[in-house]
Amino acid sequence: AQSVTQLDSHVSVSEGTPVLLRCNYSSSYSPSLFWYVQHPNKGLQLLLKYTSAATLVKGINGFEAEFKKSETSFHLTKPSAHMSDAAEYFCVVSDRELTGGGNKLTFGTGTQLKVEL
Amino acid sequence: NAGVTQTPKFRVLKTGQSMTLLCAQDMNHEYMYWYRQDPGMGLRLIHYSVGEGTTAKGEVPDGYNVSRLKKQNFLLGLESAAPSQTSVYFCASSYRGTGLRNTEAFFGQGTRLTVV
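Same order as they appear, the protein sequences are chains A and B. According to the working numbering, the first sequence is numbered sequentially starting from 1. According to the working numbering, the second sequence is numbered sequentially starting from 1001.
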C-alpha cells in the first residue's frame, strides 16, 4: 500500500537561509509524487510534481525536489527562504487508481514552515 | 480562470441539521473528489466520482452523501450533522491521465464547517 511520511511537523528557518522539508514514501509501484502548499485559510496549490521524467523537479517560487528511488525520498528544497513561504506543505504519493478510476492520492500529515526575520 | 469553486466558504450548523456543499469546476475534468482536513491528519478522501452520474466511497464516507448530476458539479451532503463532522472540506478535480502516471488534483478554497 502507498504511504507518505513527512519527517518534521514543524520547520523554522531564517529569511534568506535554505529550506529542507523531508518526505519519505512507500509504494509497491512506480509512483507519481507531488508537493502542495497551503497558505492560511487557503486551498492547496501544486508546487511541483514528479511523474517519471527527470528526477530533479523544479516547481514554482524557486522550490525543487529530487526523487531518490534508492532512498524512497522526495525532499523539498529552496535555496533561500522568503517570508511569503511561511505555510503548510504536503507531500503526496499516487501509484494507483481508485476503484473504477480516479487518482488515489495519499497525503502526508503536513509540515508547517515558519520563516523568521 | 475560476478552476475549482466551493460554496459556501464558512458555515456553522447545529447538531442534526442538514446542508449541502457545492463544488463546481470549469476545467472539464472527469474526476472529482471530496476530502476532509483535520489537524495532524492530512487530507482524507470522503467520496469521489469518475464521471457524470457516478459516485463511489472513499476512506471516510460515513455520514455523507454525494451526487454528480452534471460533469462540472459535485455536491456533498450532510443529512444529520454531528460535531465529529467539524472540519475543513476540500473539493478537488483531476483529468484522466495517460499511460501509467497519475495526474495532479486541483483544489478549491475549502469550506470551514463547524457543528455545535
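Positions of the beta carbon are idealized from the N, C-alpha and C atoms, including for glycine.
Segment contact, 8 Å Cβ cut-off, at least three pairs: the segment 1083 to 1095 of chain B with the segment 1023 to 1032 of chain B: yes
Same chain, Cβ closer than 8 Å to residue 104 (chain A), five either side skipped, listed in chain order: 2, 94, 95, 96, 97, 98
Status (buried if at least 16 other CB within 10 Å, exposed otherwise) for residue 29 (chain A): exposed
Beta carbon proximity, residue 55 (chain A) to chain B, threshold 7 Å: no
Cβ-based burial, residue 1046 (chain B) [other Cβ within 10 Å; buried from 16]: buried
Three CB pairs or more closer than 8 Å across the segment 48 to 60 of chain A and the segment 105 to 115 of chain A: no
Exposure label - residue 1008 (chain B); buried when at least 16 CB within 10 Å: exposed
Whole-angstrom C-beta distance between residue 21 (chain A) and residue 111 (chain A), which should lie under 8 Å: 5 Å
Straight-line gap, residue 1056 (chain B) to residue 1040 (chain B) (C-alpha atoms, nearest Å): 25 Å
CA-to-CA distance, residue 34 (chain A) to residue 1038 (chain B), given in whole angstroms: 20 Å
Buried versus exposed, by CB contacts within 10 Å (16 or more), residue 40 (chain A): exposed
Member of B:1005, B:1019, B:1105 whose CA lies at the smallest distance from the CA of residue 1077 (chain B): B:1019
7 Å Cβ cutoff met for residue 1115 (chain B) and residue 1081 (chain B): yes
Segments of 3+ residues assigned as beta strand (DSSP E) that fall wholly inside the segment 71 to 96 of chain A: 73 to 78, 87 to 94
Alpha-carbon spacing of residue 1036 (chain B) relative to residue 1013 (chain B), whole angstroms: 16 Å
For residue 1044 (chain B), the nearest candidate out of B:1089, B:1003, B:1104, B:1006 (CA to CA): B:1089
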